[in-house]
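*Asks:* Its first residue numbered 30, the sequence shown is counted upward by one per residue in this note's numbering.
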Amino acid sequence: RSVVSFGVELEAQLSDLEVSAYSPWLWLTNYVFDASLKGVMSLCHGRTVVLASDEQSKDPSAIVSLLGMYEIEVLNTTPLLMQAVLEPLAQSELAVNLILSGDQISEELFTRVSQYSDTRDVRWINAYGPTEATVNSSYGVIDDVLHIGRGTANTKLYVLSDALVECPIGTVGELYIGGAGVARGYLNRDELTAEKFVDSPYEAGQRLYCTGDMVRWRSEGQLEFIGRKDRQLKIRGYRVEPDEIERVLLQHPDVSDVLVCSFTGAMGEQQLVAYIVSELLTTEDSDGLEYLIEESLPDYMMPAAFEMMSSFPLTAGGKVNVRELPTPSMGAGQHEYVAPRTDTERVLCTIWQEVLGIEQVGVTDNFF
30 RSVVSFGVEL EAQLSDLEVS AYSPWLWLTN YVFDASLKGV MSLCHGRTVV LASDEQSKDP
90 SAIVSLLGMY EIEVLNTTPL LMQAVLEPLA QSELAVNLIL SGDQISEELF TRVSQYSDTR
150 DVRWINAYGP TEATVNSSYG VIDDVLHIGR GTANTKLYVL SDALVECPIG TVGELYIGGA
210 GVARGYLNRD ELTAEKFVDS PYEAGQRLYC TGDMVRWRSE GQLEFIGRKD RQLKIRGYRV
270 EPDEIERVLL QHPDVSDVLV CSFTGAMGEQ QLVAYIVSEL LTTEDSDGLE YLIEESLPDY
330 MMPAAFEMMS SFPLTAGGKV NVRELPTPSM GAGQHEYVAP RTDTERVLCT IWQEVLGIEQ
390 VGVTDNFF
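1) Using only the alpha-carbon positions, how far apart do alanine 223 and arginine 213 sit?
2) What did DSSP end up calling tyrosine 51 once you bin it into helix, strand or coil?
3) Exposed or buried, isoleucine 154, counting other C-beta atoms within 10 Å across all chains shown (16 or more means buried)?
4) Mind the definition here: the stretch 165 to 173 touches the stretch 227 to 235 only if three or more C-beta pairs lie below 8 Å; say whether that holds.
5) Nearest-angstrom Cα distance between aspartate 283 and leucine 72?
6) From this set, Leu252, Gly207, Glu374, Asp259, which residue's C-alpha is nearest histidine 176's C-alpha?
7) Tell me whether the stretch 316 to 332 and the stretch 41 to 50 touch, counting them as touching only if at least three CB pairs, one residue from each stretch, are closer than 8 Å.
8) What is the DSSP secondary structure of isoleucine 154, counted as helix, strand or coil?
9) Work out the CA separation of threonine 107 and glutamine 280 for me, nearest whole Å.
10) Across the stretch 310 to 319 and the stretch 66 to 86, are there enough close Cβ pairs to call them in contact, namely three or more that are closer than 8 Å?
11) Are leucine 96 and leucine 104 touching if we call contact CB-CB under 8 Å?
12) For alanine 361, I'd like the list of residues in its chain whose CB is within less than 6 Å of its CB, leaving aside the five on either flank, ordered along the chain.
13) Comparing alpha-carbon positions, which option in Arg141, Arg149, Leu138, Thr140 lies nearest leucine 414?
14) Assess, as a yes-or-no matter, whether the stretch 199 to 207 is touched by the stretch 228 to 245 under the definition of 3 or more beta carbon pairs within less than 8 Å.
15) Just to confirm the assignment, what range does the beta strand (DSSP E) spanning threonine 293 have?
16) If you scan the stretch 67 to 142 from start to end, which runs of the beta strand (DSSP E) of 3 or more residues do you find wholly inside it?
17) If you draw a straight line from the alpha carbon of aspartate 343 to that of lysine 263, how long is it in whole angstroms?
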């Protein structure tokens, strides 16, 4: 029932994009990822499905070549992969409609995709939906404002307070999903199922999936995604929102992408680390990043480490694979190392290295 419902929804998305009924579909995702259902449903509707190899699905230029070779009219991918594909796509002469789904779209990517769609006179869709509600629960054709649209076919969306009371237009609440696409629960995880799948207070015998996503209704009837309810961190007793730090760091002209998360230090304390995607910055350039944060945020929101990367490791579904992120290189400072010069300095630096659980402490490093 949920898969058939999703098939109806896929056809609605392609209709909104004004894509021809039998346009080929490019299958980029691993078959274990829920978005692969779009490839399955394309086959069911009589389309040619182009299967990208593992190498091709990770190569932006190869993806653009496949789009041109098979005259594919729409590309469905994650925002992270779109970040890489957009440049070779814009350099080509192709006019391809876009469906982005699977993750939040940054302001920078929103601007770039909008510019591409305007220049090529094509449309693009922002689709939203957790796996627990069968791929896409809402979508919207994007014009000048970023949103996640309205509910899909056979889906009901509720923006609720903690007391499961519907929030007025413009008020932020948690998104609950009902309808044909809602899963039965998690296999052999009854406790988690009871927590995330709750009885609907609005329809007897119906269940709602509690997404953990914070949203609000806009006045024109579109849903606006605000962020995750559970990304809030507690660092030394302070509540920290990683999104706030990420927004500030993205203001740096040489930062392409950023992910702020917590890690457990040597003494079991939670600390912040900022993973920075940049082609130009090195660890020695972290002073400029620290300055941005100092100018905008309180000191407890300063990451303890900045890790520079050329790209983020991805899951089969094209999302950031948090488990594969490197262990942060912790040091007492991100600045030039000055080795201990006397016996006393050597003893003191050794003590701090052992207490803090880090490999190297210099005499000019700042404890704070």
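Glycine included, each C-beta is placed from N, C-alpha and C at the ideal position.
All values reported here derive from a predicted model rather than from experimental measurement.
*Replies:* So, from the listed chains and residues:
1) When rounded, the distance between both Cα atoms is 11 Å.
2) Tyrosine 51: coil per DSSP, three-state reduction.
3) So isoleucine 154 ends up on the buried side.
4) No: the two stretches stay apart, fewer than three of their Cβ pairs being nearer than 8 Å.
5) The alpha-carbon atoms of aspartate 283 and leucine 72 are separated by roughly 42 Å.
6) With distances taken between Cα atoms, histidine 176 lies closest to Leu252.
7) No, they do not touch.
8) Annotated three-state conformation of isoleucine 154 is strand, per DSSP.
9) Those two C-alpha atoms are separated by around 22 Å.
10) No, they do not touch.
11) Contact flag set, yes.
12) At alanine 361, the pLDDT of 43 sits below 50, so the modelled position is not reliable and the matter cannot be decided from this model.
13) Shown here, the chain extends from 30 to 397; a query on residue 414 therefore has no answer.
14) Contact holds: three or more Cβ-Cβ distances are below 8 Å.
15) Unbroken beta strand (DSSP E) run through threonine 293: 286 to 293.
16) Complete beta strand (DSSP E) runs here, min 3: 78 to 80, 103 to 106, 126 to 130.
17) Here residue 343 turns out to be leucine, not aspartate, going by the sequence shown. Straight-line Cα distance between these residues: approximately 26 Å.
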